[in-house]
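Worksheet for the structure shown next.
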Amino acid sequence: MSSPSGYSDCRGSCGERWRGTASAVSDHLDLAAAVERHVRPGDTIHVMLGHSRWTAAAREVVRQFWGSDPGFTLAMVSLSSLGALFFRGGLVRRVVTAYSGDSFPTYTPNPVFQQGYSSGSVEVEHWSILTFAQRLEAAARGLPAVVTGSLEGSSMESNPAYARLDSPFGPLGLVAPLVPDVTLLHGALADRAGNVVMSEPLLEGAWGAWAARRGVIATVERVVDSIDDLGHRVRVPAHRVLAVVEAPFGAHPGGLYAPGLPVSSYGEDIPFWSEAKAACRGDLDAWARAFVLEPATHQAYLELIGAQRLEGLLERADPGSWKEDASAHPVPEGAPVSAWETAAVFAARELRQVVALHRADVVLAGAGVANLAAWVGVDEARSKGSPVALTAELGMLGYRPTPADPYIFNQRVFPGTPLLADASSVLGMVVGGPGTLAVGCLGAAEVDRDGNLNSTMVPGGPFLVGSGGANDVASRARACVVVTLARRRRLVEKVGYVTSPGRNVASVVTDLGVMRRLDGVLRLAAVPTGDASVADRVEAMASSCGLRLEVAREIEELDPVDPAEVMALRRYDPERLFLAGG
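The opening position of the sequence shown corresponds to residue 12 in the working numbering, with each subsequent residue numbered one higher.
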């Protein structure tokens, strides 16, 4: 393995190659010097997220600027737990994002982001995943705006960088450019000129690398003399790269997928992500000192992580490594069925009906319980002959989830996925495009009587997490199934913030009943079988809601939850990280 602190030297033959175009040659610095030279106070810093959720360059920015109040704007499509370092270290005054929450071990609000936003110390601008990428695309293309099919009918319509107008071609939604000063990213490989090789799936894509005013600081697993025959894998050309630093495991705790390249793939360090989440609820300063501020080099950071742990991440990249997780976490057969499991079983059934009704080609699932319900629903539909496939905003179409791993962006499924692309392809074309009929399966903290979803904020209450890709799916899918619990705080008369519009919501599925859109209105149409009268079961649902419940003329009785249906869910989430409770 090359020295993690090594830096590609572009002198000599490389310099001859680029004679007369010196701007195309990357700087000759180590990681600390690259950040010191190319990141300036007041910058808009874009941390580019593909399937790798982090870069050593982001950690180095935090290390150098901690406590110095540099007044950064952070553009990062998903902050996750490590984004909290920019807040705690006083680095940011403004954030542009689609998701401000934890991702591991479960998707949850993060108290550091909540405090920053509620205190006003950090201003936040909310977007969806697709519109975040489209704003970078507008900047990369040098356009005043690009057209989007997302955001209409949501609270994000009020963003200054969004406009809706009439045109000769019909109504248009437009998003303005998002122009970073510098983009930080991690790639698999680079040559000594600075051409960066990256592998799909790429979530937001490489738009930010082309959009950045000054250019890119790239960390890579390895710098090589030549990338002959790999031109189709280059996503960032040398003239856009300010510095390229060789940093093995530079995506840690994120993973890296590098098929067919002279570097090794490795999986995500989920325990490390979970430790970062816990630190956000404990002594984040001490954790930051240990893992960010005190390791002066990337090599020192890797030594702190330890060779054994890193070796385990290499093993986790094996598509069959889920079997070890399954052995370590047997599916619990005797645990009582939770409210979430009941709701997920009903949602999987409902999803199969909606897929059949619309003859859907694909299902895009939201995170958490909605994801598990979709997996089981699609499994069952396919077992009965449906060709429906799963797709995900990371940039996957046709992926097959593995047992014992409930995470929607499980990197072990990449090798077996027939199409790997990016969010622009999935959210902008697979979902909503004329060639593919898509159904969504979503969750939310709040759902109102019109099917509007809120996963962003409760007015006068806490900040939640943001849209992620939910707005894009809800805006453009043919139909959406929403899974939640029948609770007053979840089923409300009117959401205080519309993260995702409800116009395409066909069903709202809960543990106590299913609401379906009938004659344009969401009405209670089904309740679980039980000993009480149908009227009493309808009343049980109505009394559990915070909204005025419309009731259909005829009420279907849902078959009891079968143990096999519960086990199908638990097979994917044996630790019941998402399925427990309610």
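Idealized CB from N, CA, C, for every residue including glycine. Because the structure is a prediction, the values reported are computed rather than measured.
Contiguous alpha helix (DSSP H) assignments of at least 4 residues, all confined to the segment 131 to 163: 140 to 152
Could you check what DSSP says for residue 1 in three-state terms: helix, strand or coil? Absent from the model: residue 1. The displayed extent of the chain is 12 to 593, so no value can be given.
Host alpha helix (DSSP H) of residue 574 (start-end): 574 to 583
Reduced DSSP secondary structure (H/G/I, E/B, other) of residue 36: Confidence in residue 36 is poor, its pLDDT being 44 and thus under 50, which makes the residue's placement unreliable; the coordinate value appears in the next sentence. Coil, per DSSP.
Note down, in chain order, each residue of its chain lying with its Cβ closer than 8 Å to the Cβ of residue 163, except the 5 sequence neighbours on either side. 175, 184, 486 and 512
Determine the direct distance from the alpha carbon of residue 205 to that of residue 255, and round the result to whole angstroms. 6 Å
Exposure of residue 496, with buried meaning 16 or more beta-carbon neighbours within 10 Å: buried
Touch check for the segment 269 to 285 and the segment 212 to 220: three-plus C-beta pairs under 8 Å? no
To the nearest whole angstrom, what separates the beta carbons of residue 590 and residue 349, a pair I think is in contact under 8 Å? 6 Å
Quick one, which of 361, 535 and 296 has its alpha-carbon nearest residue 77's? 296
My guess is that residue 451 and residue 484 are in contact by the Cβ rule of under 8 Å, so how many angstroms apart are they, rounded? 4 Å
Considering just the uninterrupted stretch of the beta strand (DSSP E) at residue 230, what are its terminal residues? 226 to 235
For residue 300, which of 100, 124 and 336 has the nearest alpha-carbon? 100
Buried or exposed: where does residue 159 fall if 16 or more other Cβ atoms within 10 Å of its Cβ makes it buried? buried
Going by Cα to Cα distance, which pick from 420, 395 and 415 is closest to residue 402? 420
Need the endpoints of the beta strand (DSSP E) that residue 199 sits in, please. 193 to 202
Cβ of residue 104 within 7 Å of Cβ of residue 82? yes
In terms of residues, what are the limits of the alpha helix (DSSP H) holding residue 526? Counting along the chain, residue 526 falls outside any alpha helix (DSSP H), though it belongs to the beta strand (DSSP E) covering 525 to 529.
Best match in 263, 284, 285 and 289 for proximity to residue 277 [C-alpha to C-alpha]: 263
I'd like the span of the alpha helix (DSSP H) that includes residue 388, first residue to last. 380 to 394
Tell me which same chain residues have a C-beta within less than 6 Å of the C-beta of residue 232, skipping the five on either side of it? 199, 259 and 274
So, at 8 Å on beta carbons, what are the nonlocal neighbours of residue 584 in its own chain, with the 5 sequence-adjacent residues on each side left out? 383, 417 and 590
Report, in whole angstroms, the separation of the C-beta atoms of residue 143 and residue 109, which I expect to be a contact under 8 Å. 5 Å
Since I believe residue 476 is in contact with residue 120 (beta carbons under 8 Å), could you give me their beta-carbon distance rounded to a whole number of angstroms? 6 Å
Which of helix, strand or coil does DSSP assign to residue 438? helix
Considering only their Cβ atoms, is the gap separating residue 414 from residue 582 smaller than 7 Å? yes
Quick one: grab the DSSP three-state call for residue 459. strand
On the premise that residue 193 lies in contact with residue 595, defined as a C-beta separation below 8 Å, what is that separation, rounded to the nearest angstrom? Beyond the ends of the chain as shown, which are 12 and 593, falls residue 595; an answer cannot be given.
Runs of 4 residues minimum, wholly inside the segment 270 to 306: which ones carry the alpha helix (DSSP H) assignment? 281 to 290 and 295 to 299
Helix, strand or coil at residue 253 [DSSP, three-state]: strand
Enclosing alpha helix (DSSP H) for residue 62 [first to last residue]: Premise fails: residue 62 is in no alpha helix (DSSP H) and is neither H nor E.
Using alpha carbons as the reference points, say which of 556, 551 and 397 lies closest to residue 460. 556
Rounded to whole angstroms, what's the CA-CA distance from residue 179 to residue 379? Just pull it up for me. 42 Å
Report all residues from its chain with a CB closer than 7 Å to the CB of residue 340; omit the five preceding and five following residues, and keep chain order. 415, 585 and 586
What does the alpha-carbon distance come out to for the pair residue 576 and residue 559? 31 Å
Of the residues 327, 310, 249 and 228, which one's Cα is nearest the Cα of residue 267? 327
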